[in-house]
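Residue numbers (our numbering): 32 to 786. Ideal placement from N, C-alpha and C gives every residue a C-beta, glycine not left out. Structure first, commentary second.
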């Protein structure tokens with residue numbers, strides 16, 4: 032047994048060592064100062080793809096300190112009541128919180144624990160956001176020293192001047208100006224409680240929403256969280272007797288909704304949307320927090336090409352000027368465009384159009400928006416699924432020359448032959464825009480004229496789950512898919528313009544898919560940040576399936592609803608799309624070099640709900656083959672100027688031809704030697720009948736022979752859905768049971784749901 036002297040000596044030595052270590056630690060740390068933090072704040076610098084500077088923006092432009100006498104008492108008490116009620120009595124250190132953090136770390140968890148205002152001030156000014164035991168002990172030593180060297184007023188002033196309130200605002204003065212357009216000393220108690228709520232986490236408590244960073248941070252969800260915490264903070268202030276009964280009653284009457292986001296210096300035109308897209312990509316592909324990012328010091332190299340961005344904006348403005356007159360035509364008001372251009376086989380976003388610009392009060396990035404249904408631009412995914420997986424009726428892949436009933440008001444069947452029923456147990460009828468009796472037409476012709484009924488039944492035969500899987504592999508995000516009902520085949524889903532351009536790039540690249548990306552490298556103070564390599568390229572669908580889709584979509588431009596794109600003057604493929612009640616119109620098209628999508632829609636600025644475009648631009652209705660295709664063509668002319676026409680890979684014949692699917696007595700398709708040119712006979716005149724058309728003349732093309740259905744190049748025949756050139760008014764696609772109200776998902780391109 033050791034003697035008592037030995038034990039005593041060891042204990043004294045141990046505790047003496049702890050005291051010495053603590054003394055050394057205490058002596059080695061300095062006292063933070065908010066002036067130092069402000070001096071160290073920097074901008075983030077964004078660069079174009081060629082390395083030239085795009086814009087410098089960040090906390091270096093939006094940070095200034097104020098003295099405690101310029102900070103309202105209500106703001107001081109709001110943070111004390113919400114975060115550290117014993118602020119004026121405690122030592123500045125929460126030993127139990129530190130003990131919990133160390134215990135959590137020892138168990139493999141994070142080190143977060145309860146922190147005093149003093150400790151938070153220390154973190155804001157001295158420490159990184161890393162979670163480690165050493166950082167927690169360093170925080171403790173600095174906090175102890177701060178508690179002995181600074182007054183409580185100085186600590187509180189420092190905390191309020193160095194805290195992050197979101198929207199790039201550091202410090203209470205910047206926050207007051209950013210959210211309410213006033214000086215800090217002018218803030219009301221209600222506004223103070225709102226700003227104090229932001230300190231819980233501005234990503235989730237800013238009612239403007241941040242769903243591009245986190246899909247759960249929608250405007251509605253954030254407003255709810257913010258309002259609840261705002262009310263709770265006012266209640267705590269009242270309970271702590273920091274505001275009077277009257278002040279509490281006045282403050283709690285109305286939630287102090289902040290101003291909309293404002294454009295910061297340099298964030299004008301498309302630059303704001305480009306920087307926002309790049310920032311979201313960085314946050315979703317690294318461990319960098321929004322708070323850290325907005326502290327500045329990052330250099331971000333993007334994929335955006337200045338010439339392409341300018342060409343896309345110019346194309347939108349040119350077509351807007353030619354077609355829209357919002358000053359004199361009410362229905363031209365609130366029309367918006369979103370567009371994106373992606374490089375096939377790579378995924379690089381070379382250009383986007385996000386809207387009218389931050390300086391005009393438009394902060395939603397329309398290139399990465401959610402809630403705008405894509406309409407008939409979805410049909411190629413249905414066709415691709417049929418060619419890859421076949422149908423329950425086929426022994427294998429299905430040929431694009433397979434014939435389906437194209438008549439209007441068609442009852443849709445399940446795989447067991449029963450009719451699809453609505454909720455009231457009545458049959459589900461799918462409509463076309465016109466009542467033209469197409470009869471049994473090939474999917475090739477149905478895509479050309481964008482006839483709805485064949486693709487709804489085809490989707491049921493293939494299985495909407497297969498359609499969904501094909502679209503997802505092509506690049507569509509899971510969160511943007513609509514309900515898998517019959518109308519799913521007609522584009523009730525709401526992917527962003529970026530994702531649609533990327534998915535069509537998969538067709539352009541013979542089935543090779545690369546996720547869209549906007550950042551090639553990130554440096555922090557000159558040091559490379561890992562995680563920004565190019566996305567991996569995968570084979571998303573069989574090469575011949577993609578090439579056959581391309582062949583069908585070439586015909587859409589050559590002879591169908593997309594023929595306004597012929598003005599491009601080079602080989603291209605694409606698809607038009609228009610949705611129920613004419614609430615959105617799309618064109619998505621591609622060459623081997625670029626895949627570009629253009630969306631057009633009207634939106635109620637108050638409710639953010641989509642409005643009908645019937646009557647817009649002085650037209651009965653707007654279609655994907657009209658204004659969106661004109662924008663696409665104008666941009667692609669400029670973007671591809673001087674580049675060779677690469678054409679497309681040759682497509683090999685695919686699948687079996689099913690003739691007149693579901694017809695009582697199918698008529699065999701004549702065997703005719705195919706040629707590369709599709710020629711057609713005159714169209715039959717439309718009648719009121721909904722029965723199949725009389726025996727048509729045969730036409731032959733790449734896939735074999737098919738029946739007549741409209742004069743070549745639109746001619747004088749009656750147009751199908753999405754129009755084309757016809758003697759009748761250009762109709763639209765119709766989506767039944769679709770959701771045309773914009774959703775709150777975002778996320779957009781970089782993760783998280785979009786709608």
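{"Check": "Closer than 8 Å to a non-hydrogen atom of the ligand NAD - does that hold for the CB of residue 308?", "Outcome": "For the structure depicted, the ligand NAD is absent and the ligand set is empty, with no information on it obtainable."}
{"Check": "My parser needs the alpha helix (DSSP H) runs of 4 or more residues fully inside the stretch 393-481; what are they?", "Outcome": "410-420 and 474-480"}
{"Check": "Are the Cβ atoms of residue 506 and residue 480 separated by less than 9 Å?", "Outcome": "no"}
{"Check": "Shortest alpha-carbon distance to residue 215 belongs to which of 377, 101 and 469?", "Outcome": "101"}
{"Check": "Measure from the alpha carbon of residue 691 to the alpha carbon of each residue in 549, 488 and 187, then state which is nearest.", "Outcome": "488"}
{"Check": "Taking only three categories from DSSP, how would you classify residue 628?", "Outcome": "strand"}
{"Check": "What does the alpha-carbon distance come out to for the pair residue 397 and residue 508?", "Outcome": "16 Å"}
{"Check": "Looking at C-alpha atoms only, which residue of 451, 314 and 328 is the closest neighbour of residue 558?", "Outcome": "328"}
{"Check": "Taking the alpha-carbon positions, what's the residue 554 to residue 644 distance?", "Outcome": "45 Å"}
{"Check": "Can the beta-carbon of residue 363 be found less than 9 Å from the beta-carbon of residue 647?", "Outcome": "yes"}
{"Check": "What is the rounded straight-line gap between the Cα of residue 220 and the Cα of residue 274?", "Outcome": "8 Å"}
{"Check": "What are the boundary residues of the beta strand (DSSP E) that includes residue 7?", "Outcome": "An answer regarding residue 7 cannot be provided, because it is not within the stretch 32 to 786 covered by the chain."}
{"Check": "Are the CB atoms of residue 423 and residue 787 within a distance shorter than 9 Å?", "Outcome": "Given that the chain is displayed from residue 32 to residue 786, the structure contains no residue 787 and the question cannot be resolved."}
{"Check": "Is the number of C-beta pairs between the stretch 617-627 and the stretch 371-387 that are closer than 8 Å three or more?", "Outcome": "yes"}
{"Check": "What are the start and end residues of each continuous alpha helix (DSSP H) run of 4 or more residues lying completely inside the stretch 197-274, in chain order?", "Outcome": "203-211, 220-229, 233-236 and 250-270"}
{"Check": "From the DSSP secondary-structure annotation, give me the bridge partner or partners of residue 619.", "Outcome": "606 and 628"}
{"Check": "Output needed for residue 302: all residues of its chain with C-beta closer than 7 Å, excluding positions within five of it in sequence on either side, in chain order.", "Outcome": "85 and 86"}
{"Check": "By a C-beta neighbour count over all protein chains shown, 10 Å radius and 16 as the cutoff for buried, is residue 445 buried or exposed?", "Outcome": "exposed"}
{"Check": "To which residues of the same chain is residue 300 closer than 6 Å at the C-beta, ignoring the five residues directly before and after it?", "Outcome": "388"}
{"Check": "Under 8 Å: do the stretch 514-532 and the stretch 398-418 share three or more Cβ pairs, one atom per stretch?", "Outcome": "yes"}
{"Check": "Give the single residue among 207, 201, 279 and 618 whose Cα lies nearest to the Cα of residue 323.", "Outcome": "201"}
{"Check": "Might you give, ordered along the chain, the residues of its own chain that have their beta carbon closer than 7 Å to the beta carbon of residue 540, omitting 5 neighbours on each side?", "Outcome": "375 and 376"}
{"Check": "What three-state label does DSSP hand residue 572 in the structure shown?", "Outcome": "coil"}
{"Check": "Is it buried or exposed for residue 450, if we count other Cβ within 10 angstroms and need 16 for buried?", "Outcome": "exposed"}
{"Check": "Can you find the residues in the same chain that come closer than 7 Å, C-beta to C-beta, to residue 309, ignoring five residues on each side of it along the sequence?", "Outcome": "77, 331, 333, 549 and 550"}
{"Check": "Taking 9 Å as the threshold (C-beta atoms), are residue 547 and residue 533 in contact?", "Outcome": "yes"}
{"Check": "Could you tell me the distance, in whole angstroms, from the CA atom of residue 740 to the CA atom of residue 517?", "Outcome": "With a pLDDT of 36 at residue 740, under the threshold of 50, the modelled position of that residue is not reliable, and no figure is offered here."}
{"Check": "Put residue 555 into one of helix, strand or coil per three-state DSSP.", "Outcome": "strand"}
{"Check": "According to DSSP, is residue 682 helix, strand or coil?", "Outcome": "coil"}
{"Check": "Taking residue 436 as the reference, give the member of 474, 464, 428 and 421 with the closest Cα.", "Outcome": "474"}
{"Check": "Look at the alpha carbon of residue 680 and the alpha carbon of residue 578, and state the distance between them as a whole number of angstroms.", "Outcome": "7 Å"}
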